[in-house]
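Take a look at the structure below.
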Amino acid sequence: MPMMKKTIGLSLLVVLCEYAIYVWSGDVSPEPGIYFQLAARYSARVSFLLFAGILCWTGIRGLKHIYAEEQRRQLFVSLLFLLALNHLIHFYFLAMNFETRGMELREFKNLPGAVAYIVLTLSPFFLWNKKELTRSRYQIIISGFALVTALFIGTYVKRSLQNLEIPMSNYLIVGNLAILTSLVIINIFRIRSEKNLK
123 MPMMKKTIGL
133 SLLVVLCEYA
143 IYVWSGDVSP
153 EPGIYFQLAA
163 RYSARVSFLL
173 FAGILCWTGI
183 RGLKHIYAEE
193 QRRQLFVSLL
203 FLLALNHLIH
213 FYFLAMNFET
223 RGMELREFKN
233 LPGAVAYIVL
243 TLSPFFLWNK
253 KELTRSRYQI
263 IISGFALVTA
273 LFIGTYVKRS
283 LQNLEIPMSN
293 YLIVGNLAIL
303 TSLVIINIFR
313 IRSEKNLK
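Our numbering puts the first residue of the sequence shown at 123, with every later residue one more than the last.
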C-alpha cells in the first residue's frame, strides 16, 4: 500500500507537469498542428530526463544494489511507472499531432517505437510485486533499457537529419546523445561487474 500511495502521488506530479506543457504549448500557438507538436516534443524531454535519471542510478549503483533493499526496489519500479505514464501522455500528443496533420501513425517504420511503448507500459506491472532479482528478470530489464535507449538515439539522429517545421537545437541533440552514450558506457561497466545472480 505505501508503494501504491507513493506512486499515485508522483503520478499526479507527472500529470500536472504534462498538463502545464499542454497549456504552455497552446499559449505559444493556438494552431493544433503546432501546439501538439510542441507538447509532444517537450513531453518527450520529460521522458528523457526520467529515463536518464534511471540509467544514471542503475549505472552508478547497479540493479543488484537496488534490489538488495525493498525501499530502493519500490522506488525503482515507481520510477519505471512514472516513465511509462509520461510516455503514454507523450504518445497521445504525438498521435494528435499526426492526426491534425493528416499523417498516418500506423506504418511499418513506426513499429520499433510501438514495441518500445509496449515494453515501457508493461514493465512496471511485470516488476511490481517481484521482489527478487533473478537472472531472467535482470536480462529483461537490461533488454528493455537497451530498446528504449535505441529509440531515443534513433529519434535524435532522425531529428538531426530532418528539416523540421520547428527546428530542434543541434546543441540539444548532440548533448542528449552524449548523455545517453555516457550512460550506456557506465551501465555496460556496471553490468559486467554484477555477477552471480540467481
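Even for Gly, the Cβ is constructed at its ideal location relative to N, Cα and C.
Selected residue, minimal CA-CA separation from residue i, among the options
i: I310; options: G155, Y164, P152, R183; result: R183
i: R163; options: V199, T256, N208; result: N208
i: R259; options: G175, Y189, F170, L134; result: Y189
i: Y214; options: S315, V241, R281, V137; result: V137
i: L244; options: L204, A142, R281, L160; result: L204
i: Q261; options: N292, I288, K317; result: K317
i: M125; options: L135, I143, S151, R194; result: R194
i: F173; options: I263, R281, A142, Y144; result: I263
Three-way DSSP call (helix, strand, coil) for residue i in this model
i: M290; result: coil
i: L244; result: helix
i: K186; result: helix
i: Q261; result: helix
i: K127; result: helix
i: L255; result: coil
i: K317; result: coil
i: N298; result: helix
i: S151; result: coil
i: N309; result: helix
i: Q159; result: helix
i: W250; result: coil
Beta-carbon gap between residue i and residue j smaller than 9 angstroms
i: L197; j: Y239; result: no
i: E192; j: K128; result: no
i: N247; j: L177; result: It is Phe, not Asn, that sits at residue 247 in the sequence shown. Cβ atoms of F247 and L177: not closer than 9 angstroms.
i: V241; j: L201; result: no
i: T222; j: R312; result: no
i: N219; j: Q284; result: no
i: Y144; j: A166; result: no
Nearest-angstrom beta carbon gap, residue j and residue i [assumed within contact, 8 angstroms]
i: F274; j: L302; result: 6 angstroms
i: Y278; j: N298; result: 6 angstroms
i: V306; j: T271; result: 6 angstroms
i: Y157; j: S169; result: Not really, about 18 angstroms apart at Cβ, beyond 8 angstroms.
i: S282; j: I295; result: 5 angstroms
Residue i CB to nearest heavy atom of the ligand SAH below 8 angstroms
i: F267; result: Absence of the ligand SAH from the depicted structure is noted, as is the absence of any ligand whatsoever, leaving it without description.
Where the alpha helix (DSSP H) through residue i begins and ends
i: T222; result: 192 to 222
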